[in-house]
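Peer 1:
Numbering (our numbering), first residue to last: 5 to 690.
Written out as structure tokens, the structure is:
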């Protein structure tokens, strides 16, 4: 739990405080002093009686009662110190900077657990170990630099890595970003990113709380907690961006199905972030660019005007916006003709609005006024204004600041001359503005923010299904792959349409059932995982003689227990599946089959449970969506029926959480139907 002693302590002791400010214990004390902590500040150091002008207690037992302990001593001494402070000095908050705990060894983990146990016994807060500390508006409890300006409108930043937190702040501060608080959680022995975010949610005040949260996460330990509090904060008006490190495929587990191969902990993170409304970022500069966008009013539509006196950056920004799904529309009307009369010859107002390298501050003001008041089709504008160093540009930045105060459309400033116009940029930032030095980085961030949807609804209405039948099938089976009859039973109970099929264990039975299904038929082996690879699939079987011949061949294939027969159907191959991801829950995936899944991995993923509207969004987010709509005269696929199947998959795994992997591959889709042709379901019982 986050205690008041952690957020607003009235007294702090630095255990291991030092006169040597090159050491964590010395630097953190200096930062506390320089940050004008207005409570009682104490130090313990067995070798010093005076540390940076503060009386040092040689024996920690001589300390008075103290709210917060910041500890910078060797790991082996920490448990006893924490126990004494917690039980004898009523200390209810601890920040442990020291390393040498669970990140290092099994012995370190034992020590760490002992500390957590003590802190929990007294209902205290623990940050770390192995962290850089905490900054709140009340104290600078970190041993690093920079210590950013803290103000209520700044960012709440939570990081799983201390060094990364430092580097992110190094990037943010020169661009004009400020912070409200910084939490470096280190090993997250008691509290991690999720708990701190939960604190922000539970204590949120619409009048005083920061509305921007940044997260750097190395491990999502409690996905549902993260989802709950991030969604709640965003619904309250906050905006959240996060880096989740460790997204490469190197850590994915081997799996025996398409679903298992395509689903991973990282795709689960993607799905969780989308469900919560978090903007996912992939690097420090990316995160800072998104945070900078957050600091400006929300863009209400996709149409952007680019105002520039430099053609190249405008072209690069146009590319970034267009590639990301925003628009830089051509503008031509009476207002553009009027605007052109106020600019130098050779200027262009078609969009980008280029008023040449010789453009003046007055002209910049005229352009912004026209875009704001007369170009109704425009939703926001980017102003690119640098300098070659011939003249100072204070006047242009003054105009830009004044227009930003009154404009209803967001204005994003790209001031690229951070060296040549260093003084002018600094003055602009001093007015509370945030700069985007690179236009393409802004364009990419703006697109990402604009296309991030609000949190998914917390209430999902499931479709009608035969749940008693689903539970009966699950409960009558052991862990492993289900037999075809049980797979068919689950699909029927979930009301997922499937092709007619029959299972035969003899050649005569196969011929008889093929005649009932109607020729031509498809024959598939039951048992082997990858049927096609072992010659276990035969298409377009048109007579009983071929059925008998192929049965006798196929039944000899290793691991084959029977032969499955289905009518030969046509349509576009689709894919849908579900997989349980530990901690996260079930993921449902969908896409086109064939090359789209095998090579291009064009797959949409969502975390269950979700609505039918979300199922439709999954389909429409596919790169291959135009094929589903129909292209070049070829009929499309009934996306409503496809979405219904995806929706019912979500409901099925909710009713049968024992399903670990499930493939509907392929589904065959046409204008008037979508049916499952083949399905595999694996369950796992505890």
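The beta carbon of each residue, even a glycine, is placed where N, CA and C say it ideally should be.
Over the uninterrupted beta strand (DSSP E) stretch that includes residue 157, give me the two end residues.
Peer 2: Segment 154-163, the beta strand (DSSP E) holding residue 157.
Peer 1: Do you know how far the Cα of residue 681 is from the Cα of residue 259?
Peer 2: For residue 259, the predicted model reports a pLDDT of 43, less than 50, meaning its position is unreliable; a value from the coordinates is still stated below. Taking the straight line from one Cα to the other gives about 21 Å.
Peer 1: Any idea if residue 560 is buried or exposed, counting beta-carbon neighbours within 10 angstroms, 16 or more meaning buried?
Peer 2: Classification of residue 560: exposed, given that the 10 Å Cβ count is below 16.
Peer 1: Could you tell me the distance, in whole angstroms, from the CA atom of residue 373 to the CA atom of residue 407?
Peer 2: Roughly 8 Å separates the two Cα atoms.
Peer 1: Alpha carbon to alpha carbon, what distance is there between residue 594 and residue 650?
Peer 2: Computed Cα separation, rounded: 7 Å.
Peer 1: Among residues of its own chain, excluding the 5 on either side of residue 438, which ones have a beta-carbon nearer than 7 Å to its beta-carbon?
Peer 2: Around residue 438: 179, 180, 181, 296 and 299.
Peer 1: Would you kindly work out how many angstroms separate the C-alpha atoms of residue 691 and residue 611, rounded to a whole number?
Peer 2: Beyond the ends of the chain as shown, which are 5 and 690, falls residue 691; an answer cannot be given.
Peer 1: Please name the residue, chosen from 381, 663, 641 and 563, that lies closest to residue 303 on a Cα-to-Cα basis.
Peer 2: For residue 303, the nearest C-alpha among the options comes from 381.
Peer 1: Out of 6, 279 and 577, which one is the CA nearest neighbour of residue 588?
Peer 2: Comparing Cα positions, the closest option is 279.
Peer 1: Give the DSSP-derived three-state secondary structure of residue 676 in the structure shown.
Peer 2: Residue state, collapsed to three classes: coil.
Peer 1: Can you check which of these residues, 83, 416 and 171, is closest to residue 133 by C-alpha distance?
Peer 2: For the residues 83, 416 and 171, the minimum Cα distance to residue 133 belongs to 83.
Peer 1: Kindly indicate which residue of 177, 158 and 138 has the alpha-carbon position closest to the one of residue 200.
Peer 2: Closest by alpha carbon: 138.
Peer 1: DSSP three-state call for residue 260: helix, strand or coil?
Peer 2: For residue 260, the pLDDT reaches just 46, beneath the cut-off of 50, and the residue's location in the model is therefore unreliable, leaving the point undetermined.
Peer 1: With distance defined between alpha-carbon atoms, name the residue in 563, 567 and 516 nearest to residue 547.
Peer 2: The residue with the shortest Cα to Cα distance from residue 547 is 516.
Peer 1: Applying the 10 Å Cβ sphere with the 16-neighbour rule, what's the burial state of residue 393?
Peer 2: So residue 393 counts as exposed.
Peer 1: What number of angstroms, rounded off, separates the C-alpha of residue 228 from the C-alpha of residue 665?
Peer 2: C-alpha separation (whole angstroms): 21 Å.
Peer 1: Three-state secondary structure (DSSP) at residue 255?
Peer 2: Note that residue 255 scores 39 on pLDDT, short of 50, meaning its location in the model is unreliable; the coordinates nonetheless yield the value given after this. Three-state DSSP puts residue 255 in a helix.
Peer 1: What separation, rounded to the nearest whole angstrom, lies between the Cα atoms of residue 191 and residue 8?
Peer 2: Answer to the nearest angstrom: the Cα atoms are 22 Å apart.
Peer 1: Here's the rule: buried if 16 or more other CB atoms are within 10 angstroms of the residue's CB, otherwise exposed. What is residue 367?
Peer 2: Residue 367 is buried by the Cβ-count criterion.
Peer 1: Do residue 397 and residue 428 have their CB atoms nearer than 8 Å?
Peer 2: Against a cut-off of 8 Å, the Cβ pair of residue 428 and residue 397 comes out as a contact.
Peer 1: Would you mind working out which of 566, 669, 505 and 605 sits nearest residue 526, comparing C-alpha positions?
Peer 2: It is 505.
Peer 1: Below 6 Å CB to CB, which residues in the same chain sit around residue 356 once its five sequence neighbours on both sides are set aside?
Peer 2: Closer than 6 Å at Cβ, skipping near neighbours: 310, 312 and 318.
Peer 1: Can you say whether residue 78 is buried or exposed, counting buried as having 16 or more other CB atoms within 10 angstroms of its CB?
Peer 2: Its Cβ having fewer than 16 others within 10 Å, residue 78 is exposed.
Peer 1: Answer yes or no: do residue 662 and residue 687 have a C-beta to C-beta separation smaller than 8 Å?
Peer 2: Yes, Cβ-Cβ distance for residue 662 and residue 687 is below 8 Å.
Peer 1: Could you compute how far the alpha carbon of residue 27 sits from the alpha carbon of residue 249?
Peer 2: Approximately 29 Å, taken between the alpha carbons.
Peer 1: Tell me the rounded alpha-carbon separation between residue 604 and residue 596.
Peer 2: Cα to Cα, residue 604 sits roughly 10 Å from residue 596.
Peer 1: Need the endpoints of the beta strand (DSSP E) that residue 212 sits in, please.
Peer 2: Here residue 212 belongs to no beta strand (DSSP E), and DSSP marks it neither H nor E.
Peer 1: In angstroms with no decimal places, state the Cα-to-Cα distance between residue 174 and residue 288.
Peer 2: Rounded to the nearest angstrom, the two C-alpha atoms are 10 Å apart.
Peer 1: How should residue 150 be labelled, buried or exposed, when 16 other C-beta atoms within 10 angstroms of its C-beta is the threshold for buried?
Peer 2: The residue in question, residue 150, is exposed, as its Cβ has fewer than 16 Cβ neighbours within 10 Å.
Peer 1: Could you please give the first and the last residue of the uninterrupted alpha helix (DSSP H) stretch that includes residue 445?
Peer 2: Here the alpha helix (DSSP H) through residue 445 covers 443-455.
Peer 1: Suppose you measure from the CA of residue 184 to the CA of residue 218; what does that come to, to the nearest Å?
Peer 2: About 11 Å.
Peer 1: When you compare only the Cα positions, how much space is there between residue 375 and residue 617?
Peer 2: When rounded, the distance between both Cα atoms is 36 Å.
Peer 1: Output the distance between the C-alpha atoms of residue 16 and residue 328, rounded to the nearest integer angstrom.
Peer 2: Spanning the two alpha carbons is a distance of roughly 49 Å.
Peer 1: Quick check: the Cα distance between residue 35 and residue 168, rounded to an integer number of angstroms?
Peer 2: Cα-Cα distance, rounded: 19 Å.
Peer 1: Exposed or buried, residue 652, counting other C-beta atoms within 10 Å across all chains shown (16 or more means buried)?
Peer 2: The residue in question, residue 652, is buried, as its Cβ has 16 or more Cβ neighbours within 10 Å.
Peer 1: Please state whether the Cβ-Cβ distance between residue 283 and residue 324 is less than 8 Å.
Peer 2: No, the pair does not count as a contact, with Cβ atoms beyond the cut-off.
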